[in-house]
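In the working numbering, each number is its position in the sequence shown, counted from 1, plus 81. Report on the structure given below.
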Amino acid sequence: DSDNDRIQLFQPGNLNGTTVAGNGAPGTIELSYPVSVVLDADGYLFIVDCQNNRIVGSGPNGFLCIVGCSGGWGSGSDQLFYPYNMAFDSYGNIYVADTYNSRIQKFYVSGNFCNLSTTTNTMGNITTTLQINSLLTTTPSIGNVALTSNQLNVSLNQPRFCALATWNPDGITIADSSKIGPNAISLFITTNNTIYVVESSYDNIQVLLADNGNLLGTISGGVQSPYSIFITSAG
Numbered sequence: 082d083s084d085n086d087r088i089q090l091f092q093p094g095n096l097n098g099t100t101v102a103g104n105g106a107p108g109t110i111e112l113s114y115p116v117s118v119v120l121d122a123d124g125y126l127f128i129v130d131c132q133n134n135r136i137v138g139s140g141p142n143g144f145l146c147i148v149g150c151s152g153g154w155g156s157g158s159d160q161l162f163y164p165y166n167m168a169f170d171s172y173g174n175i176y177v178a179d180t181y182n183s184r185i186q187k188f189y190v191s192g193n194f195c196n197l198s199t200t201t202n203t204m205g206n207i208t209t210t211l212q213i214n215s216l217l218t219t220t221p222s223i224g225n226v227a228l229t230s231n232q233l234n235v236s237l238n239q240p241r242f243c244a245l246a247t248w249n250p251d252g253i254t255i256a257d258s259s260k261i262g263p264n265a266i267s268l269f270i271t272t273n274n275t276i277y278v279v280e281s282s283y284d285n286i287q288v289l290l291a292d293n294g295n296l297l298g299t300i301s302g303g304v305q306s307p308y309s310i311f312i313t314s315a316g
């Protein structure tokens, strides 16, 4: 709920939402125009906090700043400028559509998920612990997509992290405007680590390898000013 600076949870069949982060949810975290959310395998929430130029996430110890924690916008390796979307690859690395910097940034998870020897810059812990699955009163299913044992049977990556999981604060640019265009506003990473990047001003979708950003192809035609994408397991 971008203009209200909050994240709303709508239970299946319920038209009234519950504020789970941001404005109206005391003890969570302050947000400024949040534009995208992602869940990990345990239902913890990761938020693209656009006008704060950062990525924040919830976990057993509350909310933490994960990426863009130096304060303010910029084009440095540890900075973002109005990011609009994020996704995980199958290894738990974070990819960010750093829209106003016209680039895709990759932030490596430090060590393995539960045996970490390095730390990243974080903001202080917030006391509230948010796990979306624990807030669901029913098990939602839409067609063949169902929430079962904290796993979604869909084509996106939802890694499981331990409470100590951190990410390197310095990202690497795997694609810039020369490859993806000036307005990369959204991305999707499949379970085989193929990235689909939505470029809204050129009305196309670039397909890249997550490992190195090599361009595999371009999907164009049939869309105008696209803003988001989801790839099914059937492609």
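C-beta atoms are modelled at their ideal positions from N, C-alpha and C, and glycine is treated no differently.
What alpha helix (DSSP H) runs, 4 residues minimum, are completely inside the stretch 241-270?
Counting only runs of 4 or more residues that sit fully inside the stretch 241-270, the alpha helix (DSSP H) segments are 258-261, in chain order.
Can you tell me whether DSSP reads S139 as helix, strand or coil?
DSSP places S139 in strand when its eight states are reduced to three.
So, at 6 Å on beta carbons, what are the nonlocal neighbours of D159 in its own chain, with the 5 sequence-adjacent residues on each side left out?
Close CB contacts of D159 within its chain, under the 6 Å cut and outside five residues either way in sequence, are with S151, P250, D251 (chain order).
Once the 5 residues before and after R87 are set aside, which same chain residues still bring their CB inside 7 Å of it?
Closer than 7 Å at the Cβ level, and outside the excluded window around R87, lie T100, A102, G103, N104, G105, A106, L112.
Would the beta-carbon of A291 fall within 8 Å of that of A178?
With respect to A178, A291 sits apart: the two C-beta atoms are not nearer than 8 Å.
Along the beta strand (DSSP E) that carries F127, what are the first and last residues, could you check?
Unbroken beta strand (DSSP E) run through F127: 126-130.
Could you compute how far the alpha carbon of F311 sits from the alpha carbon of G108?
G108 has its alpha-carbon roughly 32 Å from the corresponding atom of F311.
Would T299 pass as a contact of R184 if the rule is Cβ separation under 8 Å?
Here T299 is not near R184, since their CB atoms are 8 Å or more apart.
Would you be able to state if there are at least three C-beta pairs under 8 Å between the stretch 264-280 and the stretch 128-141?
Cβ pair count under 8 Å is below three, so no.
Given that a residue counts as buried once 16 or more other Cβ atoms are within 10 Å of its Cβ, and exposed if not, what is L126?
L126 is buried by the Cβ-count criterion.
In terms of alpha-carbon separation, which member of Q239, L289, Q186 lies closest to Y163?
Comparing alpha-carbon positions, the option among Q239, L289, Q186 lying closest to Y163 turns out to be Q186.
Should I255 be flagged as near chain B, meaning a C-beta pair shorter than 8 Å?
Absence of chain B from the displayed structure is noted, only one protein chain being present.
Y172 to S282, Cα distance in whole Å?
Rounded to the nearest angstrom, the two C-alpha atoms are 31 Å apart.
Just to confirm, is the Cβ distance from M167 to Y176 under 8 Å?
Going by C-beta atoms, M167 is nearer than 8 Å to Y176.
Can you pull the DSSP bridge partners for Y176?
BP columns for Y176 point to A168, K187.
To the nearest angstrom, how far is the alpha carbon of F269 from that of L237?
If you take the alpha carbons of F269 and L237, they lie about 8 Å apart.
In angstroms with no decimal places, state the Cα-to-Cα distance between F242 and P93.
Going from the Cα of F242 to the Cα of P93 covers about 26 Å.
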